[in-house]
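Residue numbers (the numbering used here): 53 to 231.
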């Protein structure tokens, strides 16, 4: 996706933010560096074999193997870096999708749910008030069905025994010397 602009590789931030832009960019990066990774691996293996069998003058077999490994090792490191770029491009794509695509959707759904809850809250209060009124009505009907059986000695509500000033559990702390 090269463009005639002042950037070296032809990508700008607004192009990445465009729908599908980040996906296209990460696919391009993966393709480029996958090829480089494979080239680095093949070249490192070829170079190591070539240098091992054609050592510099004066190298014995062990030295030739060491020098071949030391030279090819850098190409293997380049292969590892290319693989790291491929992995990071996948992470870039996933992070971009999670933050700039999924997060706004989740926030919109949450705001919609909150608005619906807020709109339904008045109805819920009315329902709960109706439930309380219905419960009181049923209690009065139940008390009326039981007649005088549930009433106190003078016909009023049942007598409730007086509660102690402190729970009995505190009785064990009495020493008996001051109370």
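Positions of the beta carbon are idealized from the N, C-alpha and C atoms, including for glycine.
Taking a 10 Å sphere around the C-beta of residue 165, we find fewer than 16 other C-beta atoms and assign the residue as exposed. Pairing residue 146 with residue 88, the inter-Cα distance amounts to about 23 angstroms. For residue 112, there is no enclosing alpha helix (DSSP H), as DSSP gives it neither H nor E. Following the DSSP letters along the chain, one finds residue 152 in no alpha helix (DSSP H), marked with neither H nor E. Look at residue 63 here: in three-state DSSP terms it is coil, with no helix or strand label. With contacts defined by Cβ atoms closer than 8 angstroms, residue 82 and residue 138 form a contacting pair. Of the candidates 79, 116 and 120, 120 places its Cα closest to the Cα of residue 99.
Per the Cβ contact rule, the stretch 149-162 is not in contact with the stretch 125-135 (fewer than 3 Cβ pairs under 8 angstroms). Within the model, the alpha-carbon separation for residue 116 versus residue 78 is close to 41 angstroms. If you draw a 10 Å sphere on the C-beta of residue 103, you find 16 or more other C-beta atoms in it, and that means buried.
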